[in-house]
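J.:
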Ligand code: OSB
Ligand code: MG
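In this note's numbering, the protein residues as written are 8 to 374.
Structure below.
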């Protein structure tokens, strides 16, 4: 396929309710929607870099810069036939995985649409619906947290993740555990602790959690392994794992016993699949993380999560948990068994609603 043109759309989407993590609170979500054109077909991709560099150093503006000035020029007018060929063209840019992942996603979608095959089939996924859970941000009080958890349980979610930070950790998690003794519960600190301060987390070890996600810094594999040796609850790494190599090193030093795979964080679906394959081989459970994606990125997450090693529920919630109006026409709905159906039409299997896109678009560029 010759890549004829790439369009970028910077979208600013209003969340239904603000989302607060240890690194900040957001009520609107930036992302870049990428359209890749070839032979009369358009492939869509989503770059999940946010407005602020809280989760990682990338922002929607750094990603825009990388895409406009380096990544798109490296693929435009090129004859590319596999995601691997595209990836090789992008290799000269160090870092910036979210920018690369968005572009790679648009290529996967294009390829699937051209061949008439869904992304799930392209990557060899084995499920038609995937287990999902919900990620709940920091609230004003434990009572409010319990109300929010309860409202999601009523909607049918059977696995809950709560965000923690110093000062919002043990008491809050304990309160949720007390209110819901059998709930599949996990916590996510988004790097808010140091090994020294992580002693504050030790009481979590008795609450029957599925996992503790990313307690320490992104670049802190070694201290994660020290912390893991002190607790029986599995540590799950998110921010720390940027590649299959990182994943191997983390497993080798027992810095994590579970890995959260996010397409954006690891530089694309191909790398996400490579991490999955490694973990499957080593018997390490993985699950699909989320970045408050629009329907485009969520379709990719659903396809990825159909691979056999995704044995824990993903942070892939229904459309109505995120945005009032999404840019895709398709809405993802929670089934009664806490699953979401995986699209089966070609590529990502979603279509764009042009009027919503115009409404939420704050910048456009055709390359
Ligand atoms: O750490 O998993 C995270 C959202 C934005 C940035 C980081 C994270 C999250 C979530 C939300 O937890 C998951 C979702 O998309 O539902
Ligand atoms: Mg996380």
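Glycine included, C-beta positions come from ideal geometry on N, C-alpha and C.
1) Could you round the C-beta distance between residue 74 and residue 39 to whole angstroms and report it? I think they count as a contact, below 8 Å.
2) Can you find a heavy atom of the ligand MG that lies under 7 Å from the Cβ of residue 296?
3) Below 8 Å between beta carbons: does that hold for residue 171 and residue 194?
4) Spatial neighbours of residue 79 within its chain, please: C-beta separation below 8 Å, excluding the five flanking residues on both sides.
5) Would you identify the three-state DSSP class for residue 180, choosing helix, strand or coil?
6) Measure the beta-carbon distance from residue 246 to residue 67 and round it to whole angstroms, keeping in mind my assumption that it falls under 8 Å.
7) Which one or two residues does DSSP pair with residue 137 in a beta bridge?
8) Report the residue from 206, 215, 214, 213 whose alpha carbon sits nearest the alpha carbon of residue 222.
9) Taking buried to mean at least 16 other C-beta atoms within 10 Å of its own C-beta, is residue 239 buried or exposed?
10) Alpha helix (DSSP H) containing residue 192: first to last residue?
11) Leaving out five residues on either side along the sequence, give the residues of the same chain with a beta carbon under 7 Å from the beta carbon of residue 277.
12) Check for me: the alpha helix (DSSP H) holding residue 308 runs from which residue to which?
13) Quick check: what's the CA-CA separation for residue 228 versus residue 248?
14) Measuring alpha carbon to alpha carbon, tell me which residue in 71, 55, 129 is nearest residue 353.
15) Sort 69, 83, 359 by Cα distance to residue 336 and report the nearest one.
16) Measuring straight from C-alpha to C-alpha, what distance separates residue 270 and residue 46?
17) Straight-line CA distance for residue 70 to residue 188?
18) Please tell me whether, using a cut-off of 7 Å, the distance from the CB of residue 237 to the nearest non-hydrogen atom of the ligand MG is below it.
19) If you scan the region 66-151 from start to end, which runs of the alpha helix (DSSP H) of 4 or more residues do you find wholly inside it?
20) Could you tell me the distance, in whole angstroms, from the CA atom of residue 261 to the CA atom of residue 234?
21) Is any non-hydrogen atom of the ligand OSB found closer than 7 Å to the C-beta of residue 37, if you look at the structure I gave you?
22) Let me know the secondary structure DSSP gives residue 187 once reduced to three states.
23) Does the Cβ-Cβ distance between residue 267 and residue 29 come in under 8 Å?
24) Output the distance between the C-alpha atoms of residue 341 and residue 192, rounded to the nearest integer angstrom.
25) Grab the span of the alpha helix (DSSP H) containing residue 361 for me, first residue to last.
26) With which residues is residue 38 paired in a DSSP beta bridge?
27) Would the beta-carbon of residue 85 be found less than 7 Å away from any heavy atom of the ligand MG?
28) Which residue comes first and which comes last in the alpha helix (DSSP H) that contains residue 278?
29) Short check: CB of residue 87 to CB of residue 8, under 8 Å?
30) Under the assumption that residue 219 contacts residue 243 (Cβ atoms under 8 Å), give the Cβ distance between them as a whole number of angstroms.
31) Got a sec, what are the start and stop residues for the alpha helix (DSSP H) residue 172 sits in?
32) If you reduce the DSSP assignment to three classes, tell me which class residue 159 lands in.
T.: In short, the structure shows the following:
1) Between residue 39 and residue 74 the Cβ distance is about 7 Å, and since that is below 8 Å, they are a contact.
2) Residue 296 Cβ: within cutoff of the ligand MG.
3) Cβ distance < 8 Å, so residue 171 and residue 194 count as in contact.
4) Closer than 8 Å at the Cβ level, and outside the excluded window around residue 79, lie 13, 15, 110, 374.
5) DSSP places residue 180 in the helix class (H, G or I) of the three-state scheme.
6) Rounded, the Cβ-Cβ distance is 18 Å, inconsistent with contact.
7) In DSSP, residue 137 forms a bridge with 347.
8) The shortest Cα separation from residue 222 among 206, 215, 214, 213 belongs to 206.
9) Only exposed fits residue 239, as fewer than 16 other CB atoms lie within 10 angstroms of its CB.
10) Here residue 192 belongs to no alpha helix (DSSP H); instead the beta strand (DSSP E) covers 191-195.
11) Cβ neighbours of residue 277 beyond the five flanking positions: 90, 91, 94, 111.
12) Under the DSSP assignment, residue 308 falls in the alpha helix (DSSP H) whose first and last residues are 302-311.
13) In a straight line, the C-alpha of residue 228 is about 9 Å away from that of residue 248.
14) When only C-alpha atoms are compared, the closest one is 129.
15) Taking the Cα of residue 336 as reference, the smallest distance to any Cα among 69, 83, 359 is reached at 359.
16) If I take the Cα positions, the gap works out to 26 Å.
17) Each residue's Cα considered, the two are about 43 Å apart.
18) For the ligand MG, not one heavy atom lies less than 7 Å from the Cβ of residue 237.
19) Counting whole runs of 4 or more residues, the region 66-151 contains the alpha helix (DSSP H) stretches 67-73, 79-82, 90-97, 104-122, 126-130.
20) Rounded to whole angstroms, residue 261 and residue 234 show a C-alpha spacing of 10 Å.
21) Checking every heavy atom of the ligand OSB against the Cβ of residue 37, none is found closer than 7 Å.
22) Reduced to three states, the DSSP call for residue 187 is coil.
23) Using a Cβ distance threshold of 8 Å, residue 267 and residue 29 do not count as a contacting pair.
24) Residue 341 and residue 192: Cα-Cα distance of roughly 18 Å.
25) Judged by DSSP secondary structure, residue 361 falls within the alpha helix (DSSP H) whose first and last residues are 361-367.
26) As a beta-bridge residue in DSSP terms, residue 38 pairs with 18.
27) Not under cutoff, so the answer is no.
28) Note, residue 278: alpha helix (DSSP H), 276-289.
29) Yes; because the gap between Cβ atoms is below 8 Å, this pair is in contact.
30) That belief holds up - the Cβ atoms of residue 219 and residue 243 are roughly 7 Å apart, short of 8 Å.
31) No alpha helix (DSSP H) contains residue 172, which DSSP labels as neither H nor E.
32) Helix at residue 159.
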